[in-house]
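The structure appears below as structure tokens.
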Amino acid sequence: MSRCLASILWVLISCLSSCGTGMAGGEQPLSRIAIHKASFAINDAAYVKASPLVLGLKGQTKEWVSLEYSHPNPSNDDWVGVFSPADFSASICAPESERQYPPLLCTAPIKYQYANFTTRDYDKTGKGSLKLQLINQRNDFSFALFIGGLSSPKLIAISNKVTFAYPKAPVYPRLAQGKSWNEMVVTWTSGYGINEAVPFVEWGTQGGSQTRSAAGTLTFNRNSMCGAPARTVGWRDPGYIHTSFLKDLWPNLVYTYRLGHRLFDGTYIWSQSYSFRASPYPGQNSLQRVVIFGDMGKAEEDGSNEYNDFQPGSLNTTYQLIKDLKNIDMVLHIGDISYANGYLSQWDQFTAQIEPIASSVPYMIGSGNHERDWPGTGSFYGNADSGGECGVLAETMFYVPAENRAKFWYSTDYGMFRFCIADTEHDWRPGTEQYKFIENCLSSVDRQKQPWLIFLSHRVLGYSSADFYGVEGSFEEPMGRESLQELWQEYKVDIAFYGHVHNYERTCPVYQNTCIRNGSHHYGGPFKATTHVVVGGGGCSLASFSPIRTRWSYYQDFDYGFVKLTAFNHSTLLLEYKKSSDGRVYDHFTISRDYRDILTCTVDSCSKTTLAS
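Sequence positions in the sequence shown follow our numbering and run 206 to 818.
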């Protein structure tokens, strides 16, 4: 046994009295690994070799690693786990309760793949190879070969270490609309705390002079998590999250920026350069294009972590957006963001996946059950879908212009659009703080300047033919439209969007379960009722429709996809539903009207009048 492996064995044994345990269910692939049951069975005849040793020598944040491995007694259940930090067996995690048996390993891998994935005769020869993609995650990596499958893993070999040349470098910028129309917010991740470096953004108009804006720094520790696995085997140090506010932007101009850290010895660490176009002035009459979807999650380009059919949807949605990025002005991802479900390393993976998009256009998010829900923490639903994150990751990793990010509801204006984003993981019913926000957001918009009023939430507060809603007999989130439909009607909400249900569905303009107008590909003239659109097919495993076909359900598609809204001017809006597989349009409709059509009285939206002259 090598000196390195002997040292690791000693650390593992010492962990027996101090490491906690935890598991998560749901869709997160890493939850399939019973890491808390792992045992140590080092085999001197087995090995794992990884190359190259150093990644990102030219500043790349994503690189491929080649693995070669061997086991004298191979099985098709053998698998390779990627661990970071490389000394993964040395991590110490406190038990959640005194009754728990401490595990040998108290950290899950950041990804895994079966040893026979690309070497089909591995079970006969005992030799295999893999190519895996790594992203810069602020620490080094090692690769471990396990036998016993995912349910009874036994560690038999560990590779050499691999590291990025600049592991602490600023990475994965995420743009967001600020609280004012002429403000862009930049959030990014690095390995530099406030005791090591000063973070900032250097920015300015394209080709013009540059200025610097300071950034604030946040982080959190294991005790910020509400439960397992986020607090146990899913925990990984999140590094530092920095946020800077670029103010007083000129409308429509292109700005360049780069992320910087000034070390205390006077040296500078820089990211690559990026660019974005500043938002239009509210009410500006110009072409404006917004993409909307929910429930995308993340996937691996190397095919690792793959089950439950994650990859085809998530990566294809991402690729289609990147392909059409020049024709997109903003993205709204309405909940169930990364599906990390308490495995914190996956948030880095997600921000790396969307970097080409989020670094170029505002990437606005909503809160979903897989970000927030945890028993006894104030979430409206008492389930464990967040894997113990209880909102901390989403609220820290992304900026939204909410008054309090723990209450994830907010409004944002983009040119002729007003977006009202609700938080379905907190109570929305009449009399609540959020209900007052929703009413104020809908009522305060100037429809002459911003004619396109859009409501968004994660769970379906309107209409859905999902089979699980159909079984309940509600065809919605219970207490959803009963609480809000009068507001949508009174303030003439054009379209309401939802995620949570992993498919696409469009209703007729509907109010109180009744089609006020028949479903169509074109609506002209006065507002009649809100059209409800489920667009939860961003990437996560698909959800079936109920066999009952309701009268208000106009179009259904059991596939991955997203919606693109295009406002051509104050009078014409286009909705297109595109499949992630090919980017082609499979459903669409237009709204054409004048300002007077918004003012026109319709059912339950008539202002009081007087007979006085």
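Yeah, the Cβ is synthetic: ideal placement off N, Cα and C, and Gly gets one too.
Secondary structure at residue i, three-state DSSP: helix, strand or coil?
| i | result |
| --- | --- |
| Asn-645 | helix |
| Gly-231 | Caution is warranted here: a pLDDT of 45 is assigned to Gly-231, below 50, making its placement in the model unreliable, and no coordinate value can be reported. |
| Asn-609 | strand |
| Asp-328 | helix |
| Gly-518 | helix |
| Lys-531 | helix |
| Pro-714 | strand |
| Met-389 | strand |
| Leu-458 | coil |
| Ile-796 | strand |
| Val-259 | strand |
| Glu-268 | strand |
| His-241 | helix |
| Lys-813 | coil |
| Glu-594 | coil |
| Gln-525 | helix |
| Glu-781 | strand |
| Thr-562 | Note that residue 562 corresponds to Ile in the displayed sequence, not to Thr. Looking at Ile-562 - three-state DSSP - the assignment turns out to be helix. |
| Gln-639 | helix |
Nearest to residue i by CA position, among the options, is which residue?
| i | options | result |
| --- | --- | --- |
| Gly-583 | Leu-537, Cys-745, Tyr-548 and Glu-630 | Glu-630 |
| Ser-751 | Phe-622, Glu-600 and Ser-679 | Ser-679 |
| Phe-425 | Arg-417, Gly-444 and Gln-415 | Gly-444 |
| Ser-491 | Ile-803, Asn-774, Asp-529 and Tyr-782 | Asn-774 |
| Gly-398 | Asn-387, Asp-442 and Lys-267 | Asp-442 |
| Pro-279 | Thr-324, Lys-242 and Ser-289 | Thr-324 |
| Lys-783 | Val-768, Ile-315, Phe-794 and Ala-772 | Val-768 |
| Lys-267 | Val-259, Tyr-274 and Glu-273 | Val-259 |
| Ser-591 | Pro-683, Gly-412, Ser-543 and Phe-732 | Ser-543 |
| Arg-463 | Ile-363, Ser-449 and Tyr-568 | Ser-449 |
| Pro-372 | Asn-341, Gly-383, Trp-386 and Pro-378 | Asn-341 |
| Ser-776 | Thr-735, Met-621, Tyr-640 and His-447 | Met-621 |
| Gln-690 | Ser-670, Val-665 and Tyr-674 | Val-665 |
| Gly-508 | Gly-730, Leu-337 and Ser-749 | Leu-337 |
| Leu-451 | Gly-383, Asn-510, Ser-565 and Ile-659 | Gly-383 |
| His-276 | Ile-753, Ala-250 and Gln-717 | Ala-250 |
| Asp-792 | Gln-653, Tyr-252, Tyr-759 and Leu-262 | Tyr-759 |
Is it the case that the Cβ atoms of residue i and residue j are separated by a distance below 8 Å?
| i | j | result |
| --- | --- | --- |
| Ser-244 | Lys-366 | no |
| Thr-712 | Trp-657 | no |
| Ile-562 | Ile-539 | no |
| Gly-685 | His-707 | no |
| Ile-559 | Thr-523 | yes |
| Ser-785 | Gly-766 | yes |
| Leu-380 | Phe-288 | no |
| Gln-655 | Arg-623 | yes |
| Leu-272 | Ser-294 | no |
| Trp-633 | Tyr-486 | no |
| Tyr-604 | Val-390 | yes |
Quick check on residue i: buried or exposed, where buried means 16 or more other Cβ atoms within 10 Å of its Cβ?
| i | result |
| --- | --- |
| Ser-476 | buried |
| Ala-817 | exposed |
| Glu-677 | exposed |
| His-466 | buried |
| Gln-694 | buried |
| Lys-329 | exposed |
| Ala-255 | buried |
| Trp-284 | buried |
| Trp-215 | Interpretation of Trp-215 is limited by its pLDDT of 31, a score under 50 that renders its predicted location unreliable; no figure is taken from the coordinates. |
| Gly-593 | buried |
| Thr-814 | exposed |
| Trp-269 | exposed |
| Gly-499 | buried |
| Thr-437 | buried |
The alpha helix (DSSP H) that contains residue i, what's its start and end?
| i | result |
| --- | --- |
| Tyr-800 | 800–804 |
| Glu-677 | 672–677 |
| Asp-553 | 550–558 |
| Arg-686 | 686–695 |
| Met-602 | 597–602 |
May I ask whether a heavy atom of the ligand FMN can be found less than 7 Å away from the beta carbon of residue i?
| i | result |
| --- | --- |
| Gly-444 | What this structure holds is no ligand at all, so the ligand FMN is not there to describe. |
Determine the extent of the beta strand (DSSP E) in which residue i is found, giving its start and end residues.
| i | result |
| --- | --- |
| Leu-537 | 535–539 |
| His-575 | Element bounds for His-575: not the beta strand (DSSP E) but the alpha helix (DSSP H), 574–577. |
| Val-739 | 735–740 |
| Ala-402 | 402–410 |
| Thr-323 | Here Thr-323 belongs to no beta strand (DSSP E), and DSSP marks it neither H nor E. |
| Arg-660 | A small fix is needed here, since residue 660 is Phe in this sequence, not Arg. Per DSSP, Phe-660 belongs to the beta strand (DSSP E) from 657–662. |
| Leu-747 | Leu-747 -> no beta strand (DSSP E), and no H or E assigned at all. |
| His-447 | 445–451 |
| Val-495 | 493–498 |
| Thr-617 | 615–619 |
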